[in-house]
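J.: First the structure, then my questions, so here it is.
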Amino acid sequence: MPNKAAQLYQLLRSTARERRLGTVIFFITSRCNARCETCFYHEELNRPGDLTFEQIERVSRTMPQVTDLWLSGGEPTLRHDASQIIKLFVKNNGVRHIIIPTNALLKARTSEIARDALGLNSELHLYLNVALDGYGETHDRVRGVPGNWARTLDCIRSLYPLKEKYVWTATTSTSSAARRRRATRSSKSLRKFCPRCTRTSRRSPSATAKECSPRTTPPRASSSRSPTSAR
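If you use the working numbering, the sequence shown corresponds to residues 41 to 271, in order.
Take a look at the structure:
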(Lines of atoms letter the chains of each structure in order from A and count residues from 1; the text may use other names and numbers.)
(Lines give C-alpha, C1' and ligand atoms only; values in the text may rest on other atoms or scores of the structure.)
Protein backbone atom coordinates (compact mmCIF):
# COMPACT_ATOMS: atom_id res chain seq x y z
CA MET A 1 0.00 0.00 0.00
CA PRO A 2 1.44 3.44 -0.92
CA ASN A 3 2.66 5.53 1.99
CA LYS A 4 -0.27 7.73 2.99
CA ALA A 5 1.90 10.51 4.41
CA ALA A 6 3.97 10.66 1.23
CA GLN A 7 0.82 10.93 -0.87
CA LEU A 8 -0.43 13.80 1.27
CA TYR A 9 2.87 15.68 1.07
CA GLN A 10 2.87 15.30 -2.71
CA LEU A 11 -0.67 16.65 -2.89
CA LEU A 12 0.21 19.60 -0.70
CA ARG A 13 3.18 20.50 -2.89
CA SER A 14 0.85 20.61 -5.87
CA THR A 15 -1.39 23.11 -4.06
CA ALA A 16 1.40 25.16 -2.49
CA ARG A 17 0.46 28.25 -4.49
CA GLU A 18 -3.11 28.27 -3.19
CA ARG A 19 -3.73 30.85 -0.51
CA ARG A 20 -6.80 29.04 0.82
CA LEU A 21 -8.37 25.68 0.10
CA GLY A 22 -12.15 25.61 0.06
CA THR A 23 -12.83 22.05 1.25
CA VAL A 24 -10.49 19.35 2.51
CA ILE A 25 -11.74 15.82 3.24
CA PHE A 26 -9.32 14.13 5.63
CA PHE A 27 -9.66 10.44 6.52
CA ILE A 28 -8.17 10.45 10.00
CA THR A 29 -8.71 6.73 10.67
CA SER A 30 -9.63 3.52 8.92
CA ARG A 31 -11.10 2.08 12.11
CA CYS A 32 -14.86 1.62 12.25
CA ASN A 33 -17.29 0.05 14.72
CA ALA A 34 -20.10 -0.47 12.17
CA ARG A 35 -20.53 -2.71 9.13
CA CYS A 36 -22.57 -0.56 6.78
CA GLU A 37 -23.78 -2.35 3.67
CA THR A 38 -23.57 0.93 1.74
CA CYS A 39 -19.96 1.75 2.69
CA PHE A 40 -17.73 2.61 -0.28
CA TYR A 41 -14.61 2.25 1.87
CA HIS A 42 -15.26 -1.18 3.39
CA GLU A 43 -12.21 -2.84 1.83
CA GLU A 44 -9.90 -0.37 3.60
CA LEU A 45 -11.54 -0.44 7.02
CA ASN A 46 -9.80 -1.62 10.20
CA ARG A 47 -6.40 -1.95 8.57
CA PRO A 48 -3.11 -0.73 10.04
CA GLY A 49 -1.43 2.35 8.62
CA ASP A 50 -3.36 5.30 10.05
CA LEU A 51 -1.32 8.50 10.16
CA THR A 52 0.21 9.29 13.54
CA PHE A 53 -0.53 12.62 15.21
CA GLU A 54 3.01 13.72 14.40
CA GLN A 55 2.46 13.01 10.71
CA ILE A 56 -0.86 14.87 10.76
CA GLU A 57 0.86 17.79 12.48
CA ARG A 58 3.43 17.92 9.68
CA VAL A 59 0.66 17.86 7.08
CA SER A 60 -1.13 20.72 8.83
CA ARG A 61 2.04 22.84 9.00
CA THR A 62 2.62 22.50 5.25
CA MET A 63 -0.99 23.17 4.21
CA PRO A 64 -2.43 26.54 3.20
CA GLN A 65 -5.44 28.01 4.94
CA VAL A 66 -8.60 25.87 4.82
CA THR A 67 -12.24 26.94 4.99
CA ASP A 68 -14.08 23.62 5.42
CA LEU A 69 -12.46 20.55 6.96
CA TRP A 70 -14.23 17.18 6.84
CA LEU A 71 -12.82 14.70 9.36
CA SER A 72 -13.91 11.31 8.12
CA GLY A 73 -12.93 7.67 8.21
CA GLY A 74 -13.74 5.01 9.28
CA GLU A 75 -15.51 6.37 12.33
CA PRO A 76 -13.70 9.59 13.34
CA THR A 77 -14.80 9.43 16.98
CA LEU A 78 -12.68 6.29 17.41
CA ARG A 79 -9.59 8.44 17.04
CA HIS A 80 -8.53 9.20 20.62
CA ASP A 81 -6.81 12.44 19.61
CA ALA A 82 -9.64 13.78 17.43
CA SER A 83 -10.01 16.91 19.58
CA GLN A 84 -6.30 17.62 19.29
CA ILE A 85 -6.47 17.20 15.51
CA ILE A 86 -9.31 19.72 15.30
CA LYS A 87 -7.39 22.19 17.47
CA LEU A 88 -4.33 21.70 15.27
CA PHE A 89 -6.10 22.63 12.04
CA VAL A 90 -7.99 25.52 13.60
CA LYS A 91 -4.73 26.98 14.89
CA ASN A 92 -2.48 26.31 11.88
CA ASN A 93 -4.93 26.54 8.99
CA GLY A 94 -7.66 28.88 10.12
CA VAL A 95 -10.41 26.32 9.61
CA ARG A 96 -13.86 27.91 9.84
CA HIS A 97 -16.11 24.86 9.52
CA ILE A 98 -15.50 21.40 10.95
CA ILE A 99 -17.71 18.65 9.53
CA ILE A 100 -17.72 15.23 11.21
CA PRO A 101 -19.83 12.39 9.78
CA THR A 102 -20.52 9.90 12.56
CA ASN A 103 -22.61 6.83 13.33
CA ALA A 104 -23.11 8.24 16.87
CA LEU A 105 -22.45 4.88 18.52
CA LEU A 106 -19.97 6.40 20.97
CA LYS A 107 -22.06 8.83 23.01
CA ALA A 108 -19.39 10.00 25.43
CA ARG A 109 -16.73 10.47 22.75
CA THR A 110 -19.09 12.36 20.43
CA SER A 111 -20.12 14.71 23.21
CA GLU A 112 -16.52 15.26 24.30
CA ILE A 113 -15.35 16.09 20.77
CA ALA A 114 -18.28 18.47 20.22
CA ARG A 115 -17.67 20.32 23.47
CA ASP A 116 -13.93 20.61 22.84
CA ALA A 117 -14.42 21.91 19.30
CA LEU A 118 -17.08 24.45 20.21
CA GLY A 119 -14.91 25.76 23.01
CA LEU A 120 -12.01 26.68 20.71
CA ASN A 121 -13.28 30.02 19.44
CA SER A 122 -16.47 31.89 18.64
CA GLU A 123 -15.91 31.80 14.87
CA LEU A 124 -15.79 28.03 14.47
CA HIS A 125 -18.85 26.20 13.15
CA LEU A 126 -19.22 22.51 13.96
CA TYR A 127 -21.40 20.18 11.88
CA LEU A 128 -22.09 16.71 13.27
CA ASN A 129 -23.58 14.68 10.44
CA VAL A 130 -25.40 11.90 12.26
CA ALA A 131 -26.64 9.33 9.76
CA LEU A 132 -30.04 7.68 10.06
CA ASP A 133 -30.55 5.35 7.11
CA GLY A 134 -34.08 4.24 7.94
CA TYR A 135 -36.42 3.77 10.86
CA GLY A 136 -35.58 1.36 13.70
CA GLU A 137 -34.64 -2.08 12.43
CA THR A 138 -34.04 -0.75 8.90
CA HIS A 139 -31.29 1.51 10.20
CA ASP A 140 -29.79 -1.31 12.26
CA ARG A 141 -29.75 -3.61 9.22
CA VAL A 142 -28.10 -1.04 6.94
CA ARG A 143 -25.51 -0.23 9.60
CA GLY A 144 -24.91 -3.86 10.51
CA VAL A 145 -25.16 -3.13 14.24
CA PRO A 146 -28.14 -4.37 16.33
CA GLY A 147 -29.43 -1.56 18.54
CA ASN A 148 -27.71 1.15 16.49
CA TRP A 149 -30.95 3.13 16.09
CA ALA A 150 -31.58 3.41 19.82
CA ARG A 151 -27.94 4.22 20.58
CA THR A 152 -27.87 6.91 17.92
CA LEU A 153 -30.96 8.64 19.28
CA ASP A 154 -29.51 8.37 22.78
CA CYS A 155 -26.34 10.08 21.54
CA ILE A 156 -28.34 12.89 19.95
CA ARG A 157 -30.26 13.42 23.18
CA SER A 158 -26.99 13.63 25.11
CA LEU A 159 -26.11 16.70 23.03
CA TYR A 160 -29.27 18.56 24.08
CA PRO A 161 -27.51 20.55 26.86
CA LEU A 162 -25.24 22.17 24.27
CA LYS A 163 -28.17 24.07 22.77
CA GLU A 164 -28.37 26.14 25.96
CA LYS A 165 -25.00 27.66 25.08
CA TYR A 166 -24.80 27.45 21.29
CA VAL A 167 -27.10 28.06 18.35
CA TRP A 168 -28.19 24.90 16.54
CA THR A 169 -29.84 24.07 13.25
CA ALA A 170 -31.18 20.68 12.30
CA THR A 171 -32.46 19.04 9.13
CA THR A 172 -34.33 15.84 8.41
CA SER A 173 -35.01 14.41 4.97
CA THR A 174 -36.76 11.39 3.50
CA SER A 175 -35.55 9.27 0.61
CA SER A 176 -38.96 7.94 -0.38
CA ALA A 177 -42.61 8.77 0.14
CA ALA A 178 -43.19 5.36 1.71
CA ARG A 179 -40.88 6.26 4.63
CA ARG A 180 -42.35 9.71 5.20
CA ARG A 181 -44.75 8.73 7.97
CA ARG A 182 -42.05 7.07 10.05
CA ALA A 183 -39.62 9.89 9.34
CA THR A 184 -42.23 12.36 10.57
CA ARG A 185 -42.57 10.37 13.79
CA SER A 186 -38.80 10.52 14.32
CA SER A 187 -38.77 14.18 13.44
CA LYS A 188 -41.29 14.95 16.16
CA SER A 189 -39.11 13.29 18.78
CA LEU A 190 -36.08 15.23 17.58
CA ARG A 191 -37.83 18.60 17.71
CA LYS A 192 -36.95 18.75 21.40
CA PHE A 193 -33.46 19.33 20.08
CA CYS A 194 -34.38 22.11 17.65
CA PRO A 195 -38.17 22.82 17.67
CA ARG A 196 -38.04 25.46 14.94
CA CYS A 197 -35.66 23.69 12.60
CA THR A 198 -36.53 20.01 12.41
CA ARG A 199 -38.95 19.50 9.53
CA THR A 200 -39.71 16.62 7.19
CA SER A 201 -39.65 17.37 3.48
CA ARG A 202 -42.94 16.95 1.61
CA ARG A 203 -41.41 17.69 -1.76
CA SER A 204 -39.86 15.16 -4.12
CA PRO A 205 -38.39 11.97 -2.58
CA SER A 206 -34.86 13.22 -3.10
CA ALA A 207 -35.52 16.72 -1.79
CA THR A 208 -33.80 18.09 1.28
CA ALA A 209 -35.94 19.37 4.10
CA LYS A 210 -36.16 23.02 5.00
CA GLU A 211 -33.45 24.32 7.22
CA CYS A 212 -33.68 27.33 9.48
CA SER A 213 -31.63 29.03 12.15
CA PRO A 214 -32.68 30.55 15.45
CA ARG A 215 -33.06 34.30 15.30
CA THR A 216 -30.73 34.94 18.16
CA THR A 217 -27.04 35.56 17.64
CA PRO A 218 -24.78 32.76 18.86
CA PRO A 219 -22.85 33.75 21.98
CA ARG A 220 -19.68 31.89 21.00
CA ALA A 221 -20.16 29.43 18.19
CA SER A 222 -22.72 27.88 15.92
CA SER A 223 -23.30 24.22 15.33
CA SER A 224 -25.43 22.14 13.02
CA ARG A 225 -26.52 18.52 13.21
CA SER A 226 -28.06 16.64 10.31
CA PRO A 227 -29.63 13.42 11.65
CA THR A 228 -30.22 11.90 8.23
CA SER A 229 -27.12 12.87 6.33
CA ALA A 230 -25.78 9.93 4.32
CA ARG A 231 -22.29 8.63 4.80
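All C-beta atoms, glycine included, are put in the ideal place defined by N, C-alpha and C.
The structure displayed is predicted, hence computed values, not measured ones.
If you follow the alpha helix (DSSP H) that S70 is part of, which residue opens it and which one closes it?
T.: Element bounds for S70: n/a, residue is neither H nor E.
J.: By alpha-carbon positions, which one of E115, G62, L61 and F66 ends up nearest to H82?
T.: Considering only alpha carbons, the answer is E115.
J.: Measure the alpha-carbon distance for I126 versus L193 and round it to whole angstroms.
T.: If I take the Cα positions, the gap works out to 25 angstroms.
J.: Where does T102 fall in DSSP's three states?
T.: Here T102 sits in helix by DSSP.
J.: Count Cβ pairs between the region 126-144 and the region 156-169 that sit closer than 8 angstroms; are there 3 or more?
T.: Taking 8 angstroms as the limit for Cβ pairs, the verdict is that the region 156-169 does touch the region 126-144.
J.: Give me, in chain order, the residues of the same chain whose beta-carbon lies closer than 6 angstroms to that of R191; leave out the 5 immediate sequence neighbours on both sides.
T.: Here the set comprises L145.
J.: Taking only three categories from DSSP, how would you classify Y167?
T.: Of the three classes helix, strand and coil, the one that applies to Y167 here is strand, per DSSP.
J.: I'd like to check one pair, G176 with R304: are the Cβ atoms closer than 7 angstroms?
T.: There is no way to answer for residue 304, as the model of the chain reaches only from 41 to 271.
J.: L168: which of T142, P88 and A122 sits nearest, CA to CA?
T.: Nearest of T142, P88 and A122 to L168, Cα basis: T142.
J.: At which residue ranges does the region 99-159 contain complete alpha helix (DSSP H) runs of 4 or more residues, listed in the order of the chain?
T.: Listed in chain order, they are 122-133 and 147-158.
J.: Write down the C-beta distance between S112 and R87 rounded to the nearest angstrom, noting that I regard them as a contact closer than 8 angstroms.
T.: 16 angstroms between Cβ atoms; not a contact.
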